[in-house]
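In what follows, a structure is listed as structure tokens, so that the remarks can point back to it.
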Amino acid sequence: MLSRAELIANRTLCETKARGSLLGLAVGDALGDLGRQDEFRKRYGIVTNLYGNAKSTDDTEFALLTARTLVDCAGQLTPDALMCSWQKRILDQGGMFDRGGQPLYGAVANLQRGLKPPLSGRDNVAHYDDGAAMRIAPIGIMCAGDVQRAVALAEIESQISHFADGIWAAQAVAASVAVAMVNASVEE
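Using our numbering, the first residue of the sequence shown is number 1349, and each one after it goes up by one.
This is how it looks when you write it as structure tokens:
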């Protein structure tokens, strides 16, 4: 296992792992979304390659929003920094349009009604789903080797749209990415 300092000192390795994590998320998202419907699986079988103009889903887009939020707040994620990002990039742009799962629509509606995290996530009909887990990889990347920080920041980030199981799933993914970034074993 690498130490966090060793990973950071090796910029090429750090960037390669970060890029791999985000590309893996995007490809898995695109393939998973395509295979979600029986019609596609019956018609095309197992998808082994993507075609030009393949599109992402809200999971990839919100992972990039999470990354952008972390950059904007220099890694010092707070509920206020998260609210500012969602305000600027979602609410001020007119909301969700036709992109997003139920918890995202619920969170945006709650934010528009004046609810703030954690209430915007707790008072959300689909607060238990996987949406927060799907967007949380950037936190694990930033917290490489620091599981406790990854878990704490994942809670802050996911509370805007999720509660209980939805938060815990995001924390598990953030912790997993944080340890994968430093080549930790399954036991570690």
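For each residue, glycine too, the CB sits at the ideal point set by N, CA and C.
If the criterion is Cβ atoms closer than 7 Å, does the pair residue 1469 and residue 1508 meet it? Against the sequence shown, residue 1469 aligns to sequence position 121. Against the sequence shown, residue 1508 aligns to sequence position 160. In this structure, residue 1508 lies closer than 7 Å to residue 1469 by Cβ.
Discussion item. Can you list, in chain order, the residues of its chain with a C-beta nearer than 6 Å to that of residue 1484? Leave out the 5 residues immediately preceding and following it.
Written reply: For this step, residue 1484 is matched to residue 136 along the sequence shown. Hits under 6 Å: 1502, 1518, 1521 and 1522.
Taking 6 Å as the cut-off, is the C-beta of residue 1453 nearer than that to any heavy atom in the ligand ATP?
Here there are no bound small molecules, and the ligand ATP is not part of this structure.
* Asked: Is the stretch 1427-1446 touching the stretch 1463-1478, taking contact as three or more C-beta pairs under 8 Å?
  -> yes
In chain order, which continuous runs of the alpha helix (DSSP H) of length 4 or greater are located wholly inside the stretch 1435-1522?
-> As far as the stretch 1435-1522 is concerned, its whole alpha helix (DSSP H) runs of at least 4 residues are 1450-1460, 1467-1470, 1479-1483, 1485-1490 and 1495-1506.
Check whether residue 1498 and residue 1491 have beta carbons under 7 Å apart | Taking the first residue of the sequence shown as 1, we reach residue 1498 at position 150. Taking the first residue of the sequence shown as 1, we reach residue 1491 at position 143. In this structure, residue 1491 lies closer than 7 Å to residue 1498 by Cβ.
Taking all protein chains shown into account, decide if residue 1533 is buried (16 or more other Cβ within 10 angstroms of its Cβ) or exposed. In the sequence shown, the residue the question calls residue 1533 occupies position 185. Classification for residue 1533: exposed.
Pairwise C-alpha distance: residue 1434 and residue 1510: Counting from 1 along the sequence shown, the entry for residue 1510 is found at position 162. Counting from 1 along the sequence shown, the entry for residue 1434 is found at position 86. Each residue's alpha carbon lies about 14 Å from the other.
Exercise for review: Just tell me which of 1360, 1478 and 1370 has its CA closest to the CA of residue 1514.
Suggested key: Position 166 of the sequence shown, counting from 1, holds the residue named residue 1514. The option with the nearest alpha carbon to residue 1514 is 1478.
Query raised in the report: Since residue 1369 and residue 1493 are thought to touch, with beta carbons under 8 Å apart, how far apart are those beta carbons, to the nearest angstrom?
Result: If you number the sequence shown from 1, residue 1369 lands on position 21. If you number the sequence shown from 1, residue 1493 lands on position 145. Not really, about 14 Å apart at Cβ, beyond 8 Å.
Please classify residue 1349 as buried or exposed, where buried requires at least 16 neighbouring CB atoms within 10 angstroms. Translated into positions along the sequence shown, residue 1349 becomes position 1. Classification of residue 1349: exposed, given that the 10 Å Cβ count is below 16.
- Task: Report yes if the C-beta distance between residue 1405 and residue 1377 is below 7 Å; otherwise report no.
- Result: On the sequence shown, residue 1405 is found 57 positions in, with the first residue counted as 1. On the sequence shown, residue 1377 is found 29 positions in, with the first residue counted as 1. Contact check for residue 1405 against residue 1377 passes: the beta carbons are separated by less than 7 Å.
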